[in-house]
Amino acid sequence: MHELTLCHQTHELIIREAKLQNAKQITAVWIEIGALSCIEPEAMRFCFDLVCQGSIAENCQLHLEQKQVTVWCNKCQKLIQLKNVFIAVCSECNSPLSTNIDADDKVWVKKIQIK
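All residue numbers for the sequence shown refer to this note's numbering, where the first residue is 25 and numbers rise by one.
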């Protein structure tokens, strides 16, 4: 469960940033999850709540946004979003995709709301 390690690192980051801003409480955090990160959103929520207990981030709202994988289809000449990263078929023309996939496995803290 790498979500727990990720949540510990995220917690350290948001606490450090909140302290730099002299915040008393972190009320919300927005995180963007890369399409190939293999992060389970529900596991992330569970671990985040666990890690934040007893800190200024306790009870803060966690907003998760899962990025989509976008690819360029050489056959129909369109940029499309894959519905399933394991099935590389164009949703427009149904041709197999053998092109560069625009996706990553990173997790980004996009915004922190503090009081």
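For glycine and all other residues, C-beta sits at the position ideal for the given N, C-alpha and C.
Exercise for the section: Starting from the N-terminal side, write out each stretch of the beta strand (DSSP E) that is 3 residues or longer and does not extend beyond the segment 26-66. Expected result: 50-57
Problem - Alpha-carbon spacing of glutamate 56 relative to valine 113, whole angstroms - result: 25 Å
Practice task
Can you give me the Cβ contacts of isoleucine 80 inside the same chain, cut-off strictly under 8 Å, excluding the 5 residues immediately before and after it?
Solution key: Ile39, Ala42, Ala47, Lys48, Gln49, Ile50
Exercise for the section: Work out the CA separation of glutamate 66 and histidine 26 for me, nearest whole Å. Expected result: 13 Å
Exercise for the section: Please say whether phenylalanine 72 and threonine 29 have beta carbons closer to each other than 9 Å? Expected result: no
Problem - For cysteine 31 and leucine 88, the rounded distance between their alpha carbons - result: 12 Å
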